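One gets the numbering used here by counting positions in the sequence shown from 1 and adding 131 to each.
Worksheet: the structure to be examined is printed underneath.
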Amino acid sequence: MGEAGGSNPPGSIKIGDSYSPDGSRLQPKVGRFEVPEGFESPRVHKLCGKMNELEKAQMNEITEHYVYLALSKKARGKNSKILTEIANDEKRHYEILKTITKKDVKPDGLKIFFYKLIASLFGLTFTLRFMETNETNAIQTYSKLREISPEIEKIIEDEEKHEEKMIKMIEEERLKYIGSIVLGMNDALVELTGTLVGVAFAVKNNLLIAITGIIMGIAAALSMAASNYFSEKEEERKDPVKSAVYTGVAYLLVVFILVIPFLVLDSIILSVSIMLVLTVCIIGFYTFYVSTIKGEKFLNRFTEMFLVVSVVTIVSFLLGNFIQGFIKNGNT
């Protein structure tokens with residue numbers, strides 16, 4: 132590259148340089164780097180594209196700095212310390228990228244709020260597992276940009292370490308008892324969905340269906356909780372009381388969600404339809420939650436559960452129709 136004000140042949144700019152035609156530093160325009168007039172070439176276009184990607188990465192670094200800092204306040208002991216270290220690393224990465232882009236970038240406030248909300252609702256483990264994808268994406272992005280500056284290589288090494296730390300560091304109570312939660316939700320979905328569909332087409336009285344569902348649901352929840360209590364007590368792996376509570380509460384939560392349509396609507400068909408939609412939503416939600424925490428494929432787990440519930444529902448529907456026909460024939 133020539134001196135300021137000198138002429139330069141198109142394509143002579145090296146990746147890592149950012150110059151305008153007068154030899155000064157290439158500056159972003161309207162929030163992005165643009166190809167300076169007089170430097171139209173594939174190489175310069177490539178450079179500007181990479182600088183724009185770098186600016187996005189810079190925003191991610193400062194955003195994740197604040198996210199990890201917020202999460203560190205929700206964690207305890209060693210975990211809090213590790214998250215603070217990661218937050219400091221992200222801030223350092225931001226400063227490194229700032230020396231390349233020559234630009235201050237504001238954090239994404241909406242993203243920070245989103246992760247804080249997720250952590251409050253679903254716990255630290257779920258949030259960190261969810262954020263693992265960001266670390267993986269960051270490594271892939273920086274791998275494409277490493278030729279811009281040797282400092283990028285150091286950032287890649289840090290991001291790889293972050294991913295390892297995040298996988299190993301967290302063990303929440305909710306994760307420890309996830310099996311108990313899944314047990315309660317699975318059983319409630321399979322048993323109650325089938326029961327409500329069967330009773331709906333046999334009785335055809337929404338209030339009676341709702342009362343039947345609540346009574347059967349509470350009885351089944353207590354039964355499941357008691358069974359889980361004795362099972363965990365024998366195996367001595369977890370606190371049997373907590374395990375039973377998680378199972379029972381998960382079961383009851385599903386029960387009350389599924390009977391709501393029958394309590395507020397008059398139409399049997401509409402109530403059953405909404406209940407089935409709610410069933411699919413519950414399956415999707417808790418499958419996503421569990422698969423995220425365990426690092427499993429969402430679609431496989433969702434499909435398996437959906438098929439099981441569908442078969443039980445169809446069988447219950449046929450049984451309900453059969454009972455209804457049997458009652459009618461008995462009355463004639």
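Every residue, glycine too, gets a C-beta built ideally from N, C-alpha and C.
The structure displayed is predicted, hence computed values, not measured ones.
Every alpha helix (DSSP H) stretch that sits fully inside the stretch 327-377 and reaches 4 residues is listed by chain position as 337-366.
Counting other Cβ atoms within 10 Å of its Cβ, Q271 stays below 16 and is therefore classed as exposed. Residues of the same chain with a CB within less than 8 angstroms of the CB of I193, apart from the 5 flanking positions on each side, are E221, K222, Y225, V236, K237, P238 in chain order. Of all alpha-carbon atoms in V421, N336, L449, the one lying nearest the alpha-carbon of T258 is that of V421.
Assignment of Y308 by DSSP, reduced to helix, strand and coil, places it in the coil class. At the C-beta level, A206 and L255 come within 7 angstroms of one another.
Taking 7 angstroms as the cut-off, the Cβ atoms of E282 and I227 count as close.
One alpha carbon belongs to N337, the other to V198, and they sit about 47 angstroms apart. Judged by their CB atoms, R432 and T418 are nearer to each other than the 7 angstroms cut-off. It is roughly 33 angstroms from the alpha-carbon of S447 to the alpha-carbon of I424.
Here S211 has S203 as same chain residues with Cβ atoms under 6 angstroms from its own Cβ, once five neighbours each way along the sequence are excluded.
When only Cα atoms are considered, C412 and V380 end up about 18 angstroms apart.
According to the DSSP assignment, R223 belongs to the alpha helix (DSSP H) that extends over 208-232.
Under the three-state reduction of DSSP, E427 is assigned to coil, being neither helix nor strand. Within the same chain, no Cβ atom closer than 6 angstroms to the Cβ of K307 is found once the five residues on either side in sequence are excluded. In this structure, A201 is the residue among K209, A351, A201 with its C-alpha nearest to the C-alpha of F245. With 16 or more other Cβ atoms from the protein chains shown falling within 10 Å of its own Cβ, I217 counts as buried. Counting the other Cβ atoms within 10 Å of the Cβ of A269 gives 16 or more, which makes it buried. Secondary structure at P238: coil, using DSSP grouped into helix, strand and coil. In the three-state reduction of the DSSP assignment, P281 falls in the coil class. Between G344 and L323 a beta carbon distance of about 6 angstroms is seen, short of the 8 angstroms cut, so the two are scored as contacting. Put simply, the backbone Cα of V395 is about 12 angstroms away from that of L389. Scanning its chain for C-beta atoms nearer than 7 angstroms, with the 5 sequence neighbours on each side dropped, one finds around K335 the residues I399, in chain order. Shortest Cα-Cα distance from T326 to any of P371, K275, L407 involves L407. Around the C-beta of S402, 16 or more other C-beta atoms lie within 10 Å, and the residue is accordingly described as buried.
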